[in-house]
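So the protein lines, in turn, are chains A and B.
Start counting the first sequence at -6; every next residue gets the next number (my numbering).
Start counting the second sequence at 307; every next residue gets the next number (my numbering).
Every residue, glycine too, gets a C-beta built ideally from N, C-alpha and C.
Encoded as structure tokens, the structure appears first; notes follow it.
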Amino acid sequence: MIPGPALRGWLAAWAAHLKWGDVLVLATALVVCGASALSLWQGGRPDKAIIKAGGRVFAEVDLNTARILDVPGPLGATRIEIQPGRARVAADPGPRQYCVRQGWLSSAGAVAICAPNQVSLALSGRNADYDSINY
Amino acid sequence: MTRSTTEIVLTPTAEDHRVARHAAAAIVLTVAEAAIPLPLPGVKPGLANIIILVVLARWGWREAVWVALLRVLVSSLLLGQFLAPGFFLSLAGSLASLAVLGLAMHLPGRAFGPVSQSVIAAFAHIGGQLLVARAWLVPHDGVFYLIPIFALAATLFGLVNGLIAARLLEEASAPAPQQTGV
């Protein structure tokens, strides 16, 4: 939308009261707004995936690099795929495939459990929004 | 008739009149603003700060302190908030922003106008309020979760109030035959 000449004139009259230092202060204020939002509102971002097999921790992997893990269980291997910021169960020998159909997990506290094969994938973060999330 | 020796006579100076007039204007703005419904407690325009900025620029920091503190006291009495939590939050915010304004007024005027002072004071205001809220009212770090919203409100209302103050100051300093109200 292009502002009409009346609106533009009105805005210019107000903008005339802004000095360059004021613009600097305003820009700093906006940066503070953005930085505080980014640092305070990212509590749900996971930083680690905890993979358990048979009730024991099989591996704790950070979510920075993409990798694929095969976790052995009583029915066979459950394949877990890690990507930056998210993780999923890519394949599982279980009959109902609930953990596979959950898809990508991307918030701290999210859990995918492959009960028949006794494998679970959980994401943990420093400031988790929830203690646990399931679908 | 001779004057009683026990009678106390107060003779208000021109400065007293000025402080009272400006404080009255600030109180009216605060009370009017209290009628505006707002989505989140703590986020308000703070229109009274326009008066504080004008007083600061024209009459100095001491008078601005008088006006600001009278504003907090009297508006809390009028709104029934005196000594309630809201009063202490308001007081803490005012004291913090007055302290910061005392420093910000010495920024070079060539580059930094009322808008800078307004935005800086608004941030000091939310800072003072949040510290009191964290220490006393909500002893949990959860209050800091709201910082981005408060910061955005401080930026926006700081800009608007500062612009209005700048315009009032410009009109007041322009050679006009009649006396302007504020």
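For a test of the three-state rule: what should DSSP assign to residue i, helix, strand or coil?
i	result
Asp63(A)	strand
Ile453(B)	helix
Glu313(B)	coil
Ser403(B)	helix
Thr336(B)	helix
Thr58(A)	coil
Ser99(A)	coil
Val25(A)	helix
Ala390(B)	coil
Thr319(B)	coil
Ala427(B)	helix
Ala472(B)	helix
What residues are listed by DSSP as bridge partners for residue i?
i	result
Gln76(A)	Arg79(A)
Ala52(A)	Ile44(A)
Val112(A)	Ala46(A), Cys107(A)
Thr71(A)	Val64(A)
Ala84(A)	Arg72(A)
Please classify residue i as buried or exposed, where buried requires at least 16 neighbouring CB atoms within 10 angstroms.
i	result
Val50(A)	exposed
Ala105(A)	buried
Ala480(B)	exposed
Arg89(A)	exposed
Arg377(B)	buried
His328(B)	buried
Asn57(A)	exposed
Thr317(B)	exposed
Ser422(B)	buried
Leu346(B)	exposed
Thr311(B)	exposed
Measure the CB-CB distance between residue i and residue j and report whether it falls below 7 Å.
i	j	result
Ile432(B)	Ala460(B)	yes
Val373(B)	Val361(B)	yes
Ala84(A)	Arg72(A)	yes
Ala101(A)	Ser117(A)	yes
Asn110(A)	Pro77(A)	no
Leu395(B)	Ala427(B)	no
Val425(B)	Val18(A)	yes
Ser381(B)	Ile342(B)	no
Lys41(A)	Asp55(A)	yes
Ala331(B)	Ile357(B)	yes
The ligand HEM and residue i: does the residue's C-beta get closer than 6 Å to at least one heavy atom of that ligand?
i	result
Phe456(B)	Ligands are entirely absent from the displayed structure, and the ligand HEM is therefore not among its contents.
Inset, instruction - Kindly provide the ranges of any alpha helix (DSSP H) runs that are 4 or more residues long and lie completely inside the region 340 to 381 of chain B, ordered along the chain. - result: 354 to 365
Legend entry - Under 7 Å (Cβ pairs) to chain C, residues found in the region 89 to 118 of chain A: Chain labels in this structure do not include chain C; the protein chains are A and B.
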